Ligand code: GLN
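Set out below in structure tokens:
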């Protein structure tokens, strides 16, 4: 099998024994990118010489978890000396001056930082169509979206252009693209991974996580990036477990929320997810019905809280501190002209919505109420987890849609995250794993866990993956 098609675990074995070198692996990936990225547009930035230089430096025979493994990163994470545009014109020309904590950890473990991947501008979107640098295409069907906002990070793993990648998930941006491109996507518990060096979208929801080809690789990536960091006051000082994925599901109680199978959802998606849950039952899990009664408010709550936080976080892009500047008559005029020219329509929509929700007179009616309902959503999960060890749901209600299909209707686009958003509002962890196909398009099973209980969802995901072949199916490019 070609080197680019292997997993972290498979490649580490070959690198450790000296069967292949880090340079060969990196070159194989660069060749693959050269061959297929013209079709996918997963990468925004690549520096082949730098990637090969990193490969020369690394001791691939060491015991480090990622020694010699080429990894792609979403364009929202700072890597010293690389551009970081968040797929926005407002950050054109900006070069990072430091490494995000997750990048420091990847480097410590010997990873090769391969390049930067496409995304929805400032991580706002579900399709990567909001990128200022062109849409990324789904490797399974080039007419379709790869999900979003981390669409480039998903497409590059699904299309074998990286062995693994990092994305960020504020309302579903790792799990939803993973589901529609047929890879594994993990959103860790809020506070598990340092957000230092992640450009903030909604600080109380954002979390960094991996895209991989297998559950075992997701566990490896989590071991590398998890852990406390003084520079992120929301990162939690708990020890990082080994994330052992063995153990199976026998005796585990898996909750099936009745609110997560909705009228109008794609019939083949529903059938695939229900079959996956039956499969987990036959592996020895006990399937119990649960209820998450405030689910119907999650999308509304999310779009108040996320936009409110975004409106504050994005105030820093003013043409003075970072990136592009359009000079005006005076400083206020410069702010206006820079932001007017630099932000795309979706980002502007959210800044306006968030500013409105926070404004005097509306704060109590919108933002404060949204915060209260957020608490109810979190309590729904707490109650549910008294009855079960993990929750199983579809990741999305439908497979990848056609490029352009939803771009004219923001509300339709917002509904793409209906099954992923509650987990961010509650601060829990979640993973999406391939569980079949709707026609030729991948479908994802979502497994949600208690806060800081990644081990259980990884274990369930692993048991399922080992009993099926879905994760071995590759798109033909
Ligand atoms: N699709 C959601 C949004 O547009 C979630 C994005 C994300 O998780 N970054 O906000």
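Numbering (my numbering), first residue to last: 331 to 807.
All C-beta atoms in this analysis are idealised placements derived from N, C-alpha and C, irrespective of residue type, glycine included.
Owing to the predicted nature of the structure, the values given are computational and were not obtained by experimental measurement.
Residues bridged to residue i [DSSP beta-bridge criterion]
i, result
"residue 764", "774"
"residue 373", "447"
"residue 745", "BP columns for residue 745 are empty, so no partner."
"residue 468", "471"
"residue 583", "616"
"residue 538", "498"
"residue 402", "445, 495"
"residue 485", "Paired residues: none, contrary to the question."
"residue 515", "541, 762"
Any non-hydrogen atom of the ligand GDP within 8 angstroms of residue i CB
i, result
"residue 751", "The ligand GDP is absent from the structure shown, which contains only the ligand GLN."
Distance, residue j Cα to residue i Cα
i, j, result
"residue 745", "residue 478", "13 angstroms"
"residue 335", "residue 359", "9 angstroms"
"residue 505", "residue 346", "31 angstroms"
"residue 751", "residue 742", "15 angstroms"
"residue 338", "residue 494", "8 angstroms"
"residue 472", "residue 736", "16 angstroms"
"residue 394", "residue 363", "25 angstroms"
"residue 361", "residue 435", "26 angstroms"
"residue 383", "residue 400", "12 angstroms"
Cβ shell of residue i (< 6 angstroms), same chain only, five flanking positions each side left out
i, result
"residue 467", "370"
"residue 764", "512, 772, 800, 801"
"residue 524", "431, 559, 562, 565"
"residue 688", "638, 697"
Same chain, Cβ closer than 7 angstroms to residue i, five either side skipped, listed in chain order
i, result
"residue 406", "416, 449, 453, 498, 528, 529"
Residue from the options with nearest C-alpha to residue i
i, options, result
"residue 516", "489, 784, 712", "784"
"residue 709", "755, 760, 376", "755"
"residue 782", "558, 642, 738", "558"
"residue 520", "495, 568, 390", "568"
"residue 428", "410, 502, 649, 677", "410"
"residue 444", "485, 436, 462, 402", "402"
"residue 729", "774, 643, 586, 353", "774"
"residue 596", "460, 476, 699, 767", "767"
"residue 608", "798, 376, 571, 387", "798"
"residue 776", "658, 545, 716", "545"
"residue 715", "583, 440, 352", "583"
"residue 629", "679, 599, 704", "704"
"residue 389", "723, 649, 441, 376", "441"
"residue 780", "340, 412, 712, 458", "712"
"residue 460", "419, 537, 694", "419"
"residue 726", "376, 601, 381", "601"
"residue 807", "610, 664, 470", "470"
"residue 792", "398, 350, 580, 457", "580"
Close beta carbons around residue i, own chain, < 8 angstroms, minus the five adjacent residues each side
i, result
"residue 414", "405, 406, 407, 408, 421, 424, 425, 426, 446, 529"
"residue 280", "The requested residue 280 is not part of the displayed model; the chain covers only 331 to 807."
"residue 646", "652"
Answer yes if the stretch 668–679 comes into contact with the stretch 649–660, meaning at least three C-beta pairs across the two stretches below 8 angstroms, and no otherwise.
yes
Would you check if there are 3 or more beta carbon pairs closer than 8 angstroms linking the stretch 547–556 to the stretch 568–577?
yes
How do the stretch 616–636 and the stretch 585–604 stand: do at least 3 beta-carbon pairs fall below 8 angstroms, yes or no?
yes
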